[in-house]
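Novice: Each residue of the sequence shown is one higher than the last, beginning at 354 in my numbering.
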Amino acid sequence: MANVLILSLVFPPDSVSTAQIMGELCVDLQAKGYNLTVLTTTPHFNRDPEAELRQPIRNHWGPVLRRSDYHGISVYHTFMPRKGKSILLRILGWTGFHLISAVAGMTTISRPDVIIAPSPPLTIGVFAWILGKFHRAPFIYNVQEIYPDIAVRLGALRNKRLIGLLEGLERFVYRKGEKIAVIAPRMRERLLEKGVPSPKVEVVPNFVDIDDLSPMPKDNDFSRRHGIQEKFVVSYAGNMGPAQGIESFIDSAALLRDE
Numbered sequence: 354m355a356n357v358l359i360l361s362l363v364f365p366p367d368s369v370s371t372a373q374i375m376g377e378l379c380v381d382l383q384a385k386g387y388n389l390t391v392l393t394t395t396p397h398f399n400r401d402p403e404a405e406l407r408q409p410i411r412n413h414w415g416p417v418l419r420r421s422d423y424h425g426i427s428v429y430h431t432f433m434p435r436k437g438k439s440i441l442l443r444i445l446g447w448t449g450f451h452l453i454s455a456v457a458g459m460t461t462i463s464r465p466d467v468i469i470a471p472s473p474p475l476t477i478g479v480f481a482w483i484l485g486k487f488h489r490a491p492f493i494y495n496v497q498e499i500y501p502d503i504a505v506r507l508g509a510l511r512n513k514r515l516i517g518l519l520e521g522l523e524r525f526v527y528r529k530g531e532k533i534a535v536i537a538p539r540m541r542e543r544l545l546e547k548g549v550p551s552p553k554v555e556v557v558p559n560f561v562d563i564d565d566l567s568p569m570p571k572d573n574d575f576s577r578r579h580g581i582q583e584k585f586v587v588s589y590a591g592n593m594g595p596a597q598g599i600e601s602f603i604d605s606a607a608l609l610r611d612e
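Here it is, written out as structure tokens:
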């Protein structure tokens with residue numbers, strides 16, 4: 354069966370959502386007979402001490418490249434400072450991840466038949482392409498967030514030269530990817546607006562393990578405690594911040610205060 358390389362900025366035991374999605378994807382692909390290898394960073398975004406105890410990370414090339422086992426899958430980690438540390442340290446960590454992963458991908462792992470790289474960051478697509486050229490393997494770019502669109506619309510990125518540079522990088526990654534997977538139909542429409550050929554873009558929604566998360570009876574202890582047994586409840590359980598339009602949630606709560 355084919356060898357699959359996952360090149361991801363985050364992966365278990367980090368518990369951030371993209372890490373969990375990639376972890377579950379790897380387990381499912383392995384169950385179907387694929388051989389998986391992962392190049393990622395040390396936990397830094399949403400650390401889970403219990404998960405780190407279950408998945409100990411040990412030195413491989415000393416502290417430069419470390420290794421763990423995730424359900425029988427070899428996972429290689431480069432050092433990344435914890436979220437919230439200085440910007441300089443994080444830039445160095447990102448740079449180290451790309452460079453060390455590229456070297457490890459050329460020298461340590463088995464030759465992949467396909468490479469899967471989830472965004473962000475945009476640059477991960479460039480290094481997936483480099484490794485793909487080295488191994489003569491196609492890469493699939495999994496777009497979880499469209500950059501630089503998000504940063505521009507939030508006003509976090511205003512420099513026109515930098516925006517132009519990032520848009521050029523974005524076009525390069527889309528052009529070089531064998532397939533581009535997006536998580537929503539509107540994201541696919543946006544990529545088509547950017548000139549990406551329609552046959553190249555596939556909608557692959559994010560998922561949950563229905564064996565682990567299944568519907569409970571509506572009449573349960575939680576609903577009784579909160580008096581919502583007979584109510585229609587809409588809940589949003591994702592990240593809440595400027596990119597998610599948190600103002601809409603606040604305005605909705607104000608409108609429904611007496612409902």
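Idealized CB from N, CA, C, for every residue including glycine.
Just so it is clear, the structure is predicted and the values come from calculations on it, not from any experiment.
What number of angstroms, rounded off, separates the C-alpha of Leu406 from the C-alpha of Gly425?
Specialist: 16 Å
Novice: Return yes when the Cβ of Glu377 is within less than 7 Å of the Cβ of Asp565, no when it is not.
Specialist: no
Novice: As a quick exercise: from Gly530, Arg524, Ser567, Glu531, pick the residue whose alpha carbon is nearest that of Glu546.
Specialist: Arg524
Novice: Helix, strand or coil for Lys529 per DSSP?
Specialist: helix
Novice: Going by C-alpha to C-alpha distance, which of Leu382, Leu608, Ile499 sits closest to Glu520?
Specialist: For Glu520, the closest C-alpha among the options Leu382, Leu608, Ile499 is that of Ile499.
Novice: From the DSSP output, read off the bridge partner residues of Arg511.
Specialist: Beta-bridge partners of Arg511 (DSSP): none assigned.
Novice: So for Ile563, helix, strand or coil by DSSP?
Specialist: coil
Novice: Could you have a look at Glu555 and say whether DSSP puts it in helix, strand or coil?
Specialist: strand
Novice: So the alpha helix (DSSP H) Val488 belongs to, where does it begin and stop?
Specialist: Correcting the residue identity first, residue 488 is His in this sequence and not Val. Segment 476-488, the alpha helix (DSSP H) holding His488.
Novice: Going by C-alpha to C-alpha distance, which of Ser567, Lys529, Gln582 sits closest to Asp574?
Specialist: Gln582
Novice: Among residues of its own chain, excluding the 5 on either side of Gly485, which ones have a beta-carbon nearer than 7 Å to its beta-carbon?
Specialist: Ile468, Pro491, Phe492
Novice: So, do the stretch 406-416 and the stretch 375-389 have three or more beta carbon pairs nearer to each other than 8 Å?
Specialist: no
Novice: Per DSSP, what kind of secondary structure is Asp611 in: helix, strand or coil?
Specialist: Asp611 falls in the coil class under three-state DSSP.
Novice: With distances taken from CA atoms, which of Val428, Leu382, Gln383, Phe398 is nearest Ala457?
Specialist: Val428
Novice: Got a sec? Which residues, its chain only, sit under 7 Å from Val505 by beta carbon, not counting five neighbours each side?
Specialist: Ile516
Novice: How about Thr390 and Ile444: do their beta carbons lie closer than 7 Å?
Specialist: Their beta carbons are not under 7 Å apart, which means Thr390 does not touch Ile444 by this criterion.
Novice: Relative to the alpha-carbon of Phe432, which residue among Leu362, Phe480, Cys379 has its alpha-carbon at the smallest distance?
Specialist: Leu362
Novice: Please report the straight-line C-alpha distance between Pro396 and Asp611, rounded to a whole angstrom.
Specialist: Their backbone Cα atoms lie some 43 Å apart in a straight line.
Novice: Determine the extent of the beta strand (DSSP E) in which Val380 is found, giving its start and end residues.
Specialist: Run containing Val380: none in the beta strand (DSSP E); it sits in the alpha helix (DSSP H), 370-384.
Novice: Which stretch, first to last residue, makes up the alpha helix (DSSP H) that contains Pro396?
Specialist: Element bounds for Pro396: n/a, residue is neither H nor E.
Novice: Just to confirm my understanding: we take Asn592, look at its own chain, exclude 5 residues before and 5 after, and list those with CB closer than 8 Å. What are they?
Specialist: Ser370
Novice: Name the DSSP beta bridge partners of Thr390, please?
Specialist: Leu358, Ser427
Novice: Give the C-beta separation of Val556 and Arg578 to the nearest angstrom, bearing in mind that I take them to be a contact with Cβ-Cβ under 8 Å.
Specialist: So it is not a contact: roughly 38 Å between Cβ atoms.
Novice: Quick check on the burial criterion: 16 or more other C-beta atoms within 10 angstroms. Buried or exposed for Gln597?
Specialist: exposed
Novice: Would Ala534 be called buried (16 or more neighbouring beta carbons within 10 Å of its own) or exposed?
Specialist: buried
Novice: Do Asn399 and Asn356 have their C-beta atoms closer together than 7 Å?
Specialist: no
Novice: For a test of the three-state rule: what should DSSP assign to Ser421, helix, strand or coil?
Specialist: strand
Novice: Which value, in whole angstroms, describes the spacing of the CA atoms of Leu475 and Thr393?
Specialist: 15 Å
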